[in-house]
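What follows is a single structure, written as C-alpha cells, with notes after it.
There are 2 protein chains.
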Amino acid sequence: MSNFEMIQAAAKRLDGKAVKTPLLSSPFIDDIAGRPVFVKAECLQHTGSFKFRGAWSAISALSTADRNRGIIAFSSGNHAQGVALAAQKHGVPSVIIMPSDAPIVKIENTKALGAEVVLYDRATEDRDSVAARINKDRGLTLVKPFDNAYVIAGQGTCGLEIAQQAADVGVTDADVLVCCGGGGLTSGIALALEQTAPDFTVRPCEPVGFDDVTRSLVSGKIESNKQLTGSLCDAIITPSPGEMTFPILKRLCGGGITLTDDECLHAMALAFDRLKIVIEPGGAVGLAAALFHGDALNSETTIAVTTGGNVDAAVFKMALDKFGSKN
Amino acid sequence: MSNFEMIQAAAKRLDGKAVKTPLLSSPFIDDIAGRPVFVKAECLQHTGSFKFRGAWSAISALSTADRNRGIIAFSSGNHAQGVALAAQKHGVPSVIIMPSDAPIVKIENTKALGAEVVLYDRATEDRDSVAARINKDRGLTLVKPFDNAYVIAGQGTCGLEIAQQAADVGVTDADVLVCCGGGGLTSGIALALEQTAPDFTVRPCEPVGFDDVTRSLVSGKIESNKQLTGSLCDAIITPSPGEMTFPILKRLCGGGITLTDDECLHAMALAFDRLKIVIEPGGAVGLAAALFHGDALNSETTIAVTTGGNVDAAVFKMALDKFGSKN
Numbered sequence: 001m002s003n004f005e006m007i008q009a010a011a012k013r014l015d016g017k018a019v020k021t022p023l024l025s026s027p028f029i030d031d032i033a034g035r036p037v038f039v040k041a042e043c044l045q046h047t048g049s050f051k052f053r054g055a056w057s058a059i060s061a062l063s064t065a066d067r068n069r070g071i072i073a074f075s076s077g078n079h080a081q082g083v084a085l086a087a088q089k090h091g092v093p094s095v096i097i098m099p100s101d102a103p104i105v106k107i108e109n110t111k112a113l114g115a116e117v118v119l120y121d122r123a124t125e126d127r128d129s130v131a132a133r134i135n136k137d138r139g140l141t142l143v144k145p146f147d148n149a150y151v152i153a154g155q156g157t158c159g160l161e162i163a164q165q166a167a168d169v170g171v172t173d174a175d176v177l178v179c180c181g182g183g184g185l186t187s188g189i190a191l192a193l194e195q196t197a198p199d200f201t202v203r204p205c206e207p208v209g210f211d212d213v214t215r216s217l218v219s220g221k222i223e224s225n226k227q228l229t230g231s232l233c234d235a236i237i238t239p240s241p242g243e244m245t246f247p248i249l250k251r252l253c254g255g256g257i258t259l260t261d262d263e264c265l266h267a268m269a270l271a272f273d274r275l276k277i278v279i280e281p282g283g284a285v286g287l288a289a290a291l292f293h294g295d296a297l298n299s300e301t302t303i304a305v306t307t308g309g310n311v312d313a314a315v316f317k318m319a320l321d322k323f324g325s326k327n
Numbered sequence: 328m329s330n331f332e333m334i335q336a337a338a339k340r341l342d343g344k345a346v347k348t349p350l351l352s353s354p355f356i357d358d359i360a361g362r363p364v365f366v367k368a369e370c371l372q373h374t375g376s377f378k379f380r381g382a383w384s385a386i387s388a389l390s391t392a393d394r395n396r397g398i399i400a401f402s403s404g405n406h407a408q409g410v411a412l413a414a415q416k417h418g419v420p421s422v423i424i425m426p427s428d429a430p431i432v433k434i435e436n437t438k439a440l441g442a443e444v445v446l447y448d449r450a451t452e453d454r455d456s457v458a459a460r461i462n463k464d465r466g467l468t469l470v471k472p473f474d475n476a477y478v479i480a481g482q483g484t485c486g487l488e489i490a491q492q493a494a495d496v497g498v499t500d501a502d503v504l505v506c507c508g509g510g511g512l513t514s515g516i517a518l519a520l521e522q523t524a525p526d527f528t529v530r531p532c533e534p535v536g537f538d539d540v541t542r543s544l545v546s547g548k549i550e551s552n553k554q555l556t557g558s559l560c561d562a563i564i565t566p567s568p569g570e571m572t573f574p575i576l577k578r579l580c581g582g583g584i585t586l587t588d589d590e591c592l593h594a595m596a597l598a599f600d601r602l603k604i605v606i607e608p609g610g611a612v613g614l615a616a617a618l619f620h621g622d623a624l625n626s627e628t629t630i631a632v633t634t635g636g637n638v639d640a641a642v643f644k645m646a647l648d649k650f651g652s653k654n
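First to last, the sequence lines map onto chains P and A. Numbering (the working numbering) for the first sequence: 1 to 327. Numbering (the working numbering) for the second sequence: 328 to 654.
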C-alpha cells in the first residue's frame, strides 16, 4: 500500500471510533490575523489530543495474536492516554512506561484508562532497559509515538478531514499550521493533503528554542534540540524529527515557524474567548502562528490545527490572567 | 408546512453556514454519571451559543424587501451576538437594543459584529417604547429570542443533528438534557426528535429558584419566576416559558430538572478537564444534570446539550478553583 492508501485504510478503521473534530472560526480571530482563519479543533479528540488517532490506527492493525499479547508504549503525556484508551476499547492489554516524576494526575488518568503503568527513575534508570525487562517473556508490541507507519497513517486521517471540511467552506488555497514535535501528525497531514488538497502548504510550528524541525528543514538533515526542558509547550518537545517522519516533512512541508510561550498563552486566551475550546500551550503554536505571524504566511487562508487540550488549570489561568479580555 | 418540515427547511438554509457541532464523550464523565453520557457541544456554534441557528433561520426566511429594511432585536447576551452575526453575513442591517448596564465587552462584541447598538436605561425607560421610537419610520422586523416559529425551527436543527449523531454511535434510548430559558431550543429539539428519535425524552434543565418551565410542566399552565437576578446562569433566565414554546414543551417533554450554581461550576470544570470545551454556567445545567442527577433519569444513555460558552474569565477561574483537578 502507498502512504496515502494506508491513511485511507486507517480512516476506515477509525470511522465511528475517533471524533470527526470540527473546523471552527470566528470573525474576531480573522480580524486579528488579517485573513480568514479556520481552526481544526483536534483538542476535542478522545483523551484531549490527536494521539488517539495514531494509537487506534496502530492497535487496530495488529494481528489477533499480537492483540492478545498486548502493547507497550513510552510516554509522560498525550501519547500515554491515547494509547491506553485505544487499547482498552480494543480489549488489548497495555503497558505504559512513564517517568516517576510525571504529574500524578497524568499517571492516574493513564491507569484509569486501563493501562498497566510502570514508573522508572529518569535519573538512574534507562527506559529501554526497563522496557526490555518487562517485555522479556511477554512479546508486547511497541507503539512508538511517531516513527511508526500505522501511527503516521492514523494522524493522517486528520488531514483527510481538513481537506473535506476546507472544501465544504470553499477554501482552495491555505497554509496549514501544525504543532510539531516528532512530526507524526505533521507528516500524516502532509501526506493526506498531497493527494486531496495539493495547493495547501503544511507549515510545522514549534516553540522558540526547540526548533529542531525548522532547523532540519533549513539544513536538509536531522538536527537536534540543545535542551528538552524549559518551555510551556512540553507536549511537543522531542529531541529531533523522526527517521521516518523527516523525509516526508522535507519533501512536502513549507518552512517552520517558531513561537514564544507568551504567544501561545495569548492564543489560548483567544481560543477560550472566541472559539470556546481549551488548548494546551503546545497545542496552541499553530494558532499563535496564524494570529501573530501573518507575515510568514503565503496563502489567502490559514488553517491552524489545535492539537491538544491537556493543560493544568494553573497554566490555563495564567493565560487568562495575562491575555484574557477584561469585563 | 408542519413544524417538522419547517425544521427541515431551516436545516437546508443553515447548511454550510452553522457549525455542525460535535457529539463528545469521555470515559471519565461516564464514570461519574454512572452511565454513558454524550455531550452535544453547541457552545462551539458561531458566536459561542446555539442562538446563531435561530437567528440565521429567521433572517434567511425574510423577503428581500424585509431584508433591505433590516431587523431589530432585544438582548443583553447570546441572542444579541447570534442575531448580529447572522444579519451581518446576510448583509442585513441590524439594530440591537441592550440595557446600558450590560457588560461593556458584550456591547463591544455586538457592535464589532456590525450591529447598531441602542442602549436604554432599565430603571427609567421601557424597552418596547425605545424600540417603537427607533422603528417608527424604518419597518424593521423584530426577531424574538424564542416565540418565533422560524427561530424555533432554527434551534430544531440542533435536534436533527443529535438524532443523526446518536444513531451513528448506536444510541437508541436517551434522556436529552437541554438548558432551558424561554424554551426555543428545548421545543425545537423536541419537535425534531419527535420525528427522528421518538424514543428519546427531552428534559428541560433550569437553575434552582428559576424553575418556571419545570413548575409550568407540573401545573400544566405558564408559571413565572419570582425573581430574575441572583443566579450565575443568567443566560437562561427568562420570566416564563413562551406562548408558542410552552404548548410544545407540554406535549413533548419529560419533567424538568433543577441545578444549583455549584453543580454548574462543577460541570464547567469537568468539561474543561475531560472534554476541552468552555461552557458558561447557564450552558452547563444539562451536563450538571447528567453528572449529578442520575436518579432523575430514566434512559440507558444521556445526551446533554451544552448550549453556550460565553463566560467571563473571572467566573471560569472560579469554577476551576472550586472544582478543578489538582496537579
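For each residue, glycine too, the CB sits at the ideal point set by N, CA and C. Small disclaimer: the values here were computed from a predicted structure and weren't measured.
If you draw a straight line from the C-alpha of residue i to the C-alpha of residue j, how long is it?
i	j	result
A/K463	P/A288	47 Å
P/V105	P/A112	10 Å
A/G418	P/A9	44 Å
A/F599	A/F619	17 Å
A/F573	P/I236	51 Å
A/E590	A/A641	17 Å
A/S353	P/L177	27 Å
P/Q227	P/D234	11 Å
P/T328	P/K20	The structure shown does not extend to residue 328 of chain P, since chain P is modelled only from 1 to 327, so the question has no answer here.
A/D526	A/C370	25 Å
A/R394	A/P420	8 Å
P/G254	P/Q195	16 Å
P/I189	P/V218	20 Å
A/D500	A/S387	34 Å
P/V285	A/A458	46 Å
P/L252	P/N109	36 Å
A/D588	A/L559	6 Å
P/E206	A/G343	32 Å
P/D121	P/A80	17 Å
P/D126	A/M645	42 Å
Can you tell me the Cβ-Cβ gap for residue i and residue j, rounded? I've got them flagged as a contact below 8 Å.
i	j	result
A/L520	A/G569	Their Cβ separation, rounded to whole angstroms, is 19 Å, which puts A/L520 and A/G569 out of contact at 8 Å.
P/V208	P/L259	6 Å
A/I604	P/V278	7 Å
P/A87	P/G48	Actually they are not in contact, since the Cβ atoms of P/A87 and P/G48 sit about 17 Å apart, beyond 8 Å.
A/A429	A/S403	4 Å
P/D175	P/T201	5 Å
A/L647	A/A594	About 12 Å separates the two Cβ atoms, so there is no contact after all.
A/G497	A/V540	Not really, about 31 Å apart at Cβ, beyond 8 Å.
Which same chain residues end up closer than 7 Å to residue i when comparing Cβ atoms and leaving out the 5 residues on each side of it in sequence?
i	result
A/A385	V470, N475, Y477, V478 and G481
A/R362	G621, E627, T628 and T629
P/R215	E223
A/L467	R396, G397, I398, I399 and V422
P/D211	G256 and T258
P/L297	D175
A/I575	S514, A517 and L518
P/L185	F50, Q155, C158, V178 and T307
Give me, in chain order, the residues of the same chain whose beta-carbon lies closer than 6 Å to that of residue i; leave out the 5 immediate sequence neighbours on both sides.
i	result
A/G409	T374, K378, F379 and A382
A/L351	V366, A368 and L602
A/V638	E607
P/V37	I29, D30, A290 and T302
P/S240	D212, I222 and S224
P/D165	The sequence shown places Gln at residue 165 of chain P, not Asp. Excluding sequence neighbours, P/Q165 sits near L23.
A/G547	none
Leaving out five residues on either side along the sequence, give the residues of the same chain with a beta carbon under 8 Å from the beta carbon of residue i.
i	result
P/T124	none
P/I107	M98, V117 and L119
For residue i, return the contacting residues in chain D, with the cut-off set at a CB-CB distance below 8 Å.
i	result
P/L85	Chain labels in this structure do not include chain D; the protein chains are P and A.
- Item | Proximal residues, the stretch 486-513 of chain A versus chain P, C-beta separation under 9 Å | D495, V496 and G497
- Task: Check distances from the C-beta atoms of the stretch 31-46 of chain P to those of chain A and list, in chain order, the residues that come in under 7 Å.
- Result: C43 and L44
- Message: For a minimum of 3 consecutive residues, which ranges assigned as the beta strand (DSSP E) are wholly contained in the stretch 429-510 of chain A?
- Response: 443-447 and 501-506
- Query: Listed from N- to C-terminal order along the chain, which residues in the stretch 586-602 of chain A have their beta-carbon within a distance smaller than 9 Å of any beta-carbon of chain P?
  - Reply: A596, A598, F599, D600, R601 and L602
- Message: Restricting to runs no shorter than 3 residues, where is the beta strand (DSSP E) found entirely within the stretch 505-581 of chain A?
- Response: 528-534
- Query: Listed from N- to C-terminal order along the chain, which residues in the stretch 137-152 of chain P have their beta-carbon within a distance smaller than 9 Å of any beta-carbon of chain A?
  - Reply: none
- Chain-ordered residues of the stretch 601-622 of chain A with a beta carbon less than 7 Å from chain P: K603, I604 and V605
- Residue ranges of each beta strand (DSSP E) run of no fewer than 3 residues wholly in the stretch 37-93 of chain P, ordered along the chain? 37-41 and 71-74
- Task: Counting only runs of 4+ residues fully inside the stretch 584-621 of chain A, write out the alpha helix (DSSP H) ranges in chain order.
- Result: Runs of the alpha helix (DSSP H) inside the stretch 584-621 of chain A: 588-597 and 612-619.
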